[in-house]
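Here the structure comes first, spelled out in structure tokens, and everything after it is commentary.
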Amino acid sequence: MSTALTFLILIAPFAVAALLSWAAHRDRGVRGLSDDDRDGFRVAHDLDAIRTRFEKQPFWPASGATGERR
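Numbered per this note's numbering, the sequence shown finishes at 82, counting up by one with no gaps.
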């Protein structure tokens, strides 16, 4: 019994990793978003806009207050 339990404990992390890897490489990813999600298209558009903005200008805009102020 203890040998089987030890074997199960040792194999469990690999089984979880394999399951997560399989789920991440599916067509829709881990979350499985459906096509009828109205916010999905808006979020996808926003993420695409952010991605293209950082491709053109790959740094965060400065706040204007640079350096040490006292």
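All residues carry an ideal CB built from backbone N, CA and C; glycine is no exception. In this text, all values refer to a predicted model and were calculated from it rather than measured experimentally.
Would DSSP call residue 37 helix, strand or coil? coil
Residue 31 to residue 17, Cα distance in whole Å? 20 Å
Within the continuous alpha helix (DSSP H) that includes residue 53, where are the two ends? 50-68
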